[in-house]
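Trainee: The following block contains the structure, expressed as structure tokens.
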Amino acid sequence: MSLAINNLHARTGQRDILKGLTLEVPSGEVHAIMGPNGSGKSTLAKVLAGHEDYEVTAGTATLDGADILAMEADERSRAGLFLAFQYPIEIPGVSNANFLRAALQARQPEGVELDAVAFYHKMYAKMDVLEMNRQFTSRSVNEGFSGGEKKRNEILQLMMLEPKFAVLDETDSGLDIDALKVVAQGVNAMRSPERGFLVITHYQRLLDYIQPDVVHVLMDGRIVKTGGPDLALKLEAQGYDWLKEEVLVTA
Amino acid sequence: MSASVTEPVVDPSVVWTEAGERLMAAAAAADPSALPAWFVERQAAARATYEQLAAPKRKDEHWRFSDLKKLDVSAAIPGSPFTGADATAAVTRSVGLSHPAARIVLGNDMLLHADTAAADGIVVMPLMEALQVHGELIKSHFMAQSAGLGGEKFFSLHAAALRGGVFVYIPPGIEVDRPVELHQWLGGMNASTFPHTLVVAGRGAKVTVIDYFQSLGSEPGFACGVTDLAAGEGATITYVNCQRWSRKVRALHFVSTTAGPNSTVRSAFLHLGAAWARTESFCLASGSGSRSEMLSLAVAEGTQEIDCRTRQIHDQPHTFSNLLFKNVLFDQARTIFSGLILVEEGAHYTDAYQTCRNLLLSEEAEANALPGLEINADQVKCSHGSTSAPLDGEQIYYLRSRGIRESDARQLLALGFCLDVIQRLGDPDLEHVLSSMVEEKFRRMRKA
Numbered sequence: 062m063s064l065a066i067n068n069l070h071a072r073t074g075q076r077d078i079l080k081g082l083t084l085e086v087p088s089g090e091v092h093a094i095m096g097p098n099g100s101g102k103s104t105l106a107k108v109l110a111g112h113e114d115y116e117v118t119a120g121t122a123t124l125d126g127a128d129i130l131a132m133e134a135d136e137r138s139r140a141g142l143f144l145a146f147q148y149p150i151e152i153p154g155v156s157n158a159n160f161l162r163a164a165l166q167a168r169q170p171e172g173v174e175l176d177a178v179a180f181y182h183k184m185y186a187k188m189d190v191l192e193m194n195r196q197f198t199s200r201s202v203n204e205g206f207s208g209g210e211k212k213r214n215e216i217l218q219l220m221m222l223e224p225k226f227a228v229l230d231e232t233d234s235g236l237d238i239d240a241l242k243v244v245a246q247g248v249n250a251m252r253s254p255e256r257g258f259l260v261i262t263h264y265q266r267l268l269d270y271i272q273p274d275v276v277h278v279l280m281d282g283r284i285v286k287t288g289g290p291d292l293a294l295k296l297e298a299q300g301y302d303w304l305k306e307e308v309l310v311t312a
Numbered sequence: 002m003s004a005s006v007t008e009p010v011v012d013p014s015v016v017w018t019e020a021g022e023r024l025m026a027a028a029a030a031a032d033p034s035a036l037p038a039w040f041v042e043r044q045a046a047a048r049a050t051y052e053q054l055a056a057p058k059r060k061d062e063h064w065r066f067s068d069l070k071k072l073d074v075s076a077a078i079p080g081s082p083f084t085g086a087d088a089t090a091a092v093t094r095s096v097g098l099s100h101p102a103a104r105i106v107l108g109n110d111m112l113l114h115a116d117t118a119a120a121d122g123i124v125v126m127p128l129m130e131a132l133q134v135h136g137e138l139i140k141s142h143f144m145a146q147s148a149g150l151g152g153e154k155f156f157s158l159h160a161a162a163l164r165g166g167v168f169v170y171i172p173p174g175i176e177v178d179r180p181v182e183l184h185q186w187l188g189g190m191n192a193s194t195f196p197h198t199l200v201v202a203g204r205g206a207k208v209t210v211i212d213y214f215q216s217l218g219s220e221p222g223f224a225c226g227v228t229d230l231a232a233g234e235g236a237t238i239t240y241v242n243c244q245r246w247s248r249k250v251r252a253l254h255f256v257s258t259t260a261g262p263n264s265t266v267r268s269a270f271l272h273l274g275a276a277w278a279r280t281e282s283f284c285l286a287s288g289s290g291s292r293s294e295m296l297s298l299a300v301a302e303g304t305q306e307i308d309c310r311t312r313q314i315h316d317q318p319h320t321f322s323n324l325l326f327k328n329v330l331f332d333q334a335r336t337i338f339s340g341l342i343l344v345e346e347g348a349h350y351t352d353a354y355q356t357c358r359n360l361l362l363s364e365e366a367e368a369n370a371l372p373g374l375e376i377n378a379d380q381v382k383c384s385h386g387s388t389s390a391p392l393d394g395e396q397i398y399y400l401r402s403r404g405i406r407e408s409d410a411r412q413l414l415a416l417g418f419c420l421d422v423i424q425r426l427g428d429p430d431l432e433h434v435l436s437s438m439v440e441e442k443f444r445r446m447r448k449a
């Protein structure tokens, strides 16, 4: 069981961004992707989640063997893929609770209504882990939320939807250290042998709290280096320049 | 609805003259000794005014964009009293909030049911009855001002044909904590109704009135209603006009608000039914410190046309008004919003706002907006604006990224667009009732 990406090429507008990206996240593992600005990190997240602005020109992406690139965005989610957005969208007039109910209802067999009591029990329990006030259930999705509240809300959705694989796109951006710890607590609570994570981040800091099994470095649309957690520490200390040189040498 | 509409109209003025004679006859036949003299004179004057005024034409400024062919009254006849099963059905189907302070049910303007036991110290009664007991009070507020928004002929028709209606009076200092509910039904082939709601709140009084307009069946019909809201000093009135006529009804409704010093008046339309519906709402901020909020939500589908004309008048300093009209358009639906903020000379320190927002869910739908502003005073804060747009692609994508199917995502967002109007009423129970009606319409449309 794995999220497998092979030789993925993708573009937006006239610009090629992913240029042959290959990696595999087996279930039960947490992989981090680090890379300088403009290397294609967020593009990878959006391509996997089926954003219409991105066009896949070559390569494959499969979730437990199923071709996710052939699926619509909502089918990918129901197939077990989750993306925590870097910039969550505000939805005026739609309450958080109704939003989550609709998302869970979409996973029910035809004609089967979601158990509302069980739903609220579960949602409150997950909100407690994330130290979220109950008032967030009736507030409009992300509307007027602070940066930290939006990210907690993303993790709440992750916890409610229980995907097979979760991609976290710069979930640490805009978070202070306390919020970061709470968000990491939510993610760590979801780690299990049946679930894989792909954690995209610019900074090593997040990886102190969500410890990865594998670290990949993405540069210019390709994975240029893969290593253990120590690789993230080295990047934090030395930046990306040494890697650029290494890539140039091997090229 | 084409099957039920009669032959194309040749000369509208002839049609209106003949229809007027039919529709005003029933009220004219009423026993004048049972009514105050001023009221009888008023009806006679209204009849004359109706006959003098020309039928509206599309090129009239106040009827721009309006499809007058849809306002076909050539077959309209006075409504007959509800009897037997119809009367029982109307009363049984008059369901709103669970414990209203009072509940009145009318069928074709005739009283069917009145439950006013819980309405301690307030007056909620049929208007014709009230004229005999509270005649002087009614006289000073009854259709005291015309909106001047183009519908004067129909405003006169209403006054002349009126034989039903409800009077709500809250004496000074009394706060009614549960809403008063009025259920006004229309029934019978080509039947007409002239609903009238007069709400007077004395100094410091507080009341919420929910006015439901529904059809018993799906026959064509005609409705021409008036609501007058008069808030005394420091009073608070919330009024909801919930229009759920059958899809073959043509309807006009006039709402006039007078907001006294330091009063708060909130009026809201919920347009779900009718083939063609037009509202003319007028609010006069006549007392310093008054606050007026005008709200509307229309969900239009098929070939429905919802036409809303508004005027916010400030003639005293230190007054506030805010207007938010929203339309959701499906299929070939049409909406018209035409609004004017008028700040009179000397009405300094006025705060007046006007917003119209249209959500276009079909490329064939048409939303027309004519916002306007006229300022003749200093130190005012005013703004007006309108937007028309389809659903936001990023919002749809976000919902879909959580597994919600596209059609469900669209519906959830459209409902979200609607809800903020309803939420502004600030009453969770009422919010639940009104949003259920909107959801029900969405559900029905999806099945169709």
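Chains A and B are the protein sequences, given in the same order.
The opening position of the first sequence corresponds to residue 62 in my numbering, with each subsequent residue numbered one higher.
The opening position of the second sequence corresponds to residue 2 in my numbering, with each subsequent residue numbered one higher.
The beta-carbon is built from N, C-alpha and C at its ideal position, and this holds for glycine as well.
These figures come from a predicted structure and were not determined experimentally.
Could you name the residues of the same chain whose beta carbon sits closer than 6 Å to that of Pro262(B), not counting the 5 residues immediately before and after it, in chain order?
Mentor: Here residue 262(B) is taken as the residue at index 261 of the second sequence, counted from 1. Within the same chain, Cβ atoms closer than 6 Å to the Cβ of Pro262(B) are found at Glu234, Gly288, Ser289 and Gly290, the five residues on either side in sequence being excluded.
Trainee: What does Glu395(B) reach in chain A if we use C-beta pairs closer than 7 Å?
Mentor: Locating residue 395(B) in the second sequence gives position 394, counting from the first residue. Result: Ile150.
Trainee: What is the C-beta distance between Leu217(B) and Gln244(B), in whole angstroms, given that I count them as a contact (C-beta under 8 Å)?
Mentor: Along the second sequence, one-based indexing puts residue 217(B) at 216. Along the second sequence, one-based indexing puts residue 244(B) at 243. The pair is not a contact, with the Cβ atoms about 15 Å apart (cut-off 8 Å).
Trainee: Spatial neighbours of Val434(B) within its chain, please: C-beta separation below 7 Å, excluding the five flanking residues on both sides.
Mentor: Counting from one through the second sequence, the residue named residue 434(B) turns up at place 433. Hits under 7 Å: Gly97 and Leu98.
Trainee: Taking DSSP as the reference, what is the three-state secondary structure of Gly120(A)?
Mentor: Along the first sequence, one-based indexing puts residue 120(A) at 59. Three-state DSSP puts Gly120(A) in a strand.
Trainee: Between which two residues does the beta strand (DSSP E) holding Arg59(B) run?
Mentor: Along the second sequence, one-based indexing puts residue 59(B) at 58. No beta strand (DSSP E) contains Arg59(B), which DSSP labels as neither H nor E.
Trainee: What residues from chain B crowd round Glu113(A), counting only those whose CB sits closer than 8 Å?
Mentor: On the first sequence, residue 113(A) is found 52 positions in, with the first residue counted as 1. Going along chain B in sequence order, the residues near Glu113(A) (Cβ under 8 Å) are Gly394 and Tyr398.
Trainee: DSSP three-state call for His112(A): helix, strand or coil?
Mentor: Residue 112(A) sits at position 51 when you count from the first residue of the first sequence. Note: His112(A) maps to coil in three-state DSSP.
Trainee: Please identify the residue among Leu400(B), Asp121(B) and Ala118(B) whose C-alpha is closest to the C-alpha of Arg139(A).
Mentor: Position 78 of the first sequence, counted from the first residue, corresponds to residue 139(A). Closest in C-alpha terms to Arg139(A), from the list Leu400(B), Asp121(B) and Ala118(B), comes Leu400(B).
Trainee: So, under 8 Å CB-CB, Ile129(A) and Leu279(A) are touching, yes? Tell me the CB distance rounded to an integer number of Å.
Mentor: Along the first sequence, read from residue 1 onward, the residue named residue 129(A) stands at position 68. Along the first sequence, read from residue 1 onward, the residue named residue 279(A) stands at position 218. Actually they are not in contact, since the Cβ atoms of Ile129(A) and Leu279(A) sit about 19 Å apart, beyond 8 Å.
Trainee: Return no unless some Cβ of chain B is closer than 9 Å to the Cβ of Phe160(A).
Mentor: Sequence index remark: in the first sequence, residue 160(A) carries index 99 (1-based). Interface flag for Phe160(A) against chain B is set, since a Cβ pair is found closer than 9 Å.
Trainee: Could you say if the segment 175-195 of chain A and the segment 219-232 of chain A meet the contact criterion of at least three C-beta pairs nearer than 8 Å?
Mentor: yes
Trainee: Out of Ala231(B), Phe40(B) and His142(B), which one is the CA nearest neighbour of Arg164(B)?
Mentor: For the purposes of this step, residue 164(B) is taken as the residue at position 163 of the second sequence. Out of Ala231(B), Phe40(B) and His142(B), Phe40(B) has the C-alpha closest to the C-alpha of Arg164(B).
Trainee: State the start and end residues of the unbroken beta strand (DSSP E) segment that holds Asp116(B).
Mentor: Here the question's residue 116(B) lines up with position 115 in the second sequence. Met111 to Asp116 is the span of the beta strand (DSSP E), which, as asked, contains Asp116(B).
Trainee: Smallest Cα separation from Arg295(A): which of Pro170(A), Leu217(A), Asp281(A) and Leu268(A)?
Mentor: The residue you call residue 295(A) lines up with position 234 of the first sequence. As written in the sequence, residue 295(A) is Lys, which differs from the Arg given in the question. The candidate whose alpha carbon is nearest that of Lys295(A) is Leu268(A).
Trainee: How many angstroms separate the CA atom of Gln380(B) from the CA atom of Pro391(B)?
Mentor: If you number the second sequence from 1, residue 380(B) lands on position 379. If you number the second sequence from 1, residue 391(B) lands on position 390. Roughly 36 Å separates the two Cα atoms.
Trainee: Closest Cβ-Cβ distance between Ile66(A) and chain B: below 9 Å?
Mentor: On the first sequence, position 5 is the one that residue 66(A) refers to. No, Ile66(A) lies away from the interface with chain B (no Cβ there is under 9 Å from its Cβ).
Trainee: Just how far apart, CA to CA, sit Gly205(B) and Pro57(B)?
Mentor: Locating residue 205(B) in the second sequence gives position 204, counting from the first residue. Locating residue 57(B) in the second sequence gives position 56, counting from the first residue. If you take the alpha carbons of Gly205(B) and Pro57(B), they lie about 40 Å apart.
Trainee: Give a yes or no on whether 9 Å exceeds the smallest Cβ distance from Glu407(B) to chain E.
Mentor: Absence of chain E from the displayed structure is noted, the protein chains being A and B.
Trainee: Run through DSSP, which three-state label would Pro13(B) get?
Mentor: One-based indexing of the second sequence puts residue 13(B) at position 12. Helix.
Trainee: Below 6 Å CB to CB, which residues in the same chain sit around Asn68(A) once its five sequence neighbours on both sides are set aside?
Mentor: Mapped onto the first sequence, residue 68(A) falls at position 7. Cβ contact annotation for Asn68(A) (same chain, cutoff 6 Å, sequence separation greater than five): Gly81, Thr83 and Gly120, in chain order.
Trainee: Assuming contact is defined by CB atoms lying nearer than 9 Å, are Thr232(A) and Thr262(A) in contact in what I supplied?
Mentor: The count along the first sequence starts at 1 and reaches residue 232(A) at position 171. The count along the first sequence starts at 1 and reaches residue 262(A) at position 201. Their beta carbons are under 9 Å apart, which means Thr232(A) touches Thr262(A) by this criterion.
Trainee: Taking the beta strand (DSSP E) that Gly282(A) falls in, what are its first and last residues?
Mentor: In the first sequence, the residue the question calls residue 282(A) occupies position 221. Here Gly282(A) belongs to no beta strand (DSSP E), and DSSP marks it neither H nor E.
Trainee: My output table needs one value for Thr89(B): the three-state DSSP class, helix, strand or coil.
Mentor: The residue you call residue 89(B) lines up with position 88 of the second sequence. Of the three classes helix, strand and coil, the one that applies to Thr89(B) here is helix, per DSSP.
Trainee: Please work out which residues of its chain come closer than 6 Å, Cβ to Cβ, to Thr259(B), disregarding the five sequence neighbours upstream and downstream, and give them in chain order.
Mentor: The sequence position of residue 259(B) within the second sequence is 258, counting from 1. Hits under 6 Å: Ala231, Leu285 and Ser287.
Trainee: Just the C-alpha distance for Asp281(A) and Ala131(A), rounded to the nearest angstrom, thanks.
Mentor: Taking the first sequence and counting its residues from 1, the one referred to as residue 281(A) is at position 220. Taking the first sequence and counting its residues from 1, the one referred to as residue 131(A) is at position 70. Approximately 25 Å between the Cα atoms of the pair.
Trainee: Within the 9 Å Cβ cut-off, does Glu231(A) reach chain B?
Mentor: Position 170 of the first sequence, counted from the start, is the residue given in the question as residue 231(A). So, not an interface residue.
Trainee: Kindly indicate if chain B contains any beta-carbon less than 9 Å away from that of Asp135(A).
Mentor: Along the first sequence, one-based indexing puts residue 135(A) at 74. Chain B, which has a Cβ nearer than 9 Å to the Cβ of Asp135(A), makes this yes.
Trainee: Would Gln218(A) count as contacting chain B if we go by Cβ distances under 9 Å?
Mentor: Along the first sequence, one-based indexing puts residue 218(A) at 157. Closer than 9 Å to some Cβ of chain B, the Cβ of Gln218(A) qualifies, so yes.
Trainee: Among the candidates Phe258(A), Ala110(A), Asn214(A) and Gly74(A), whose CA atom is the shortest distance from the CA of Met62(A)?
Mentor: On the first sequence, residue 62(A) is found 1 positions in, with the first residue counted as 1. Residue Phe258(A) is the option with its Cα nearest to Met62(A).
Trainee: I'd like the ranges of any beta strand (DSSP E) spanning at least 3 consecutive residues and lying wholly in the segment 157-188 of chain B.
Mentor: 167-171 and 181-187
Trainee: Quick one: is Arg256(A) near chain B, going by C-beta distance under 9 Å?
Mentor: Indexing the first sequence from 1 puts residue 256(A) at position 195. Chain B, which has no Cβ nearer than 9 Å to the Cβ of Arg256(A), makes this no.
Trainee: Checking contacts by CB at 9 Å: is Val155(A) closer than that to chain B?
Mentor: Taking the first sequence and counting its residues from 1, one reaches residue 155(A) at position 94. It does; some Cβ of chain B falls within 9 Å.
Trainee: Indicate whether at least one CB of chain A lies closer than 9 Å to the CB of Arg425(B).
Mentor: As a working mapping, residue 425(B) is identified with position 424 in the second sequence. So no, Arg425(B) is outside the interface.
Trainee: Have a look at Tyr240(B), Glu441(B) and Gln215(B) and flag the residue whose alpha-carbon is nearest the alpha-carbon of Gly427(B).
Mentor: Position 426 of the second sequence, counting from 1, holds the residue named residue 427(B). Ranking the options by Cα distance to Gly427(B), first place goes to Tyr240(B).
Trainee: Answer with yes or no whether the minimum CB distance from Ser138(A) to chain B is below 9 Å.
Mentor: Residue numbering aside, residue 138(A) sits at position 77 when the first sequence is read from its first letter. Yes - at least one Cβ of chain B is within 9 Å of the one on Ser138(A).
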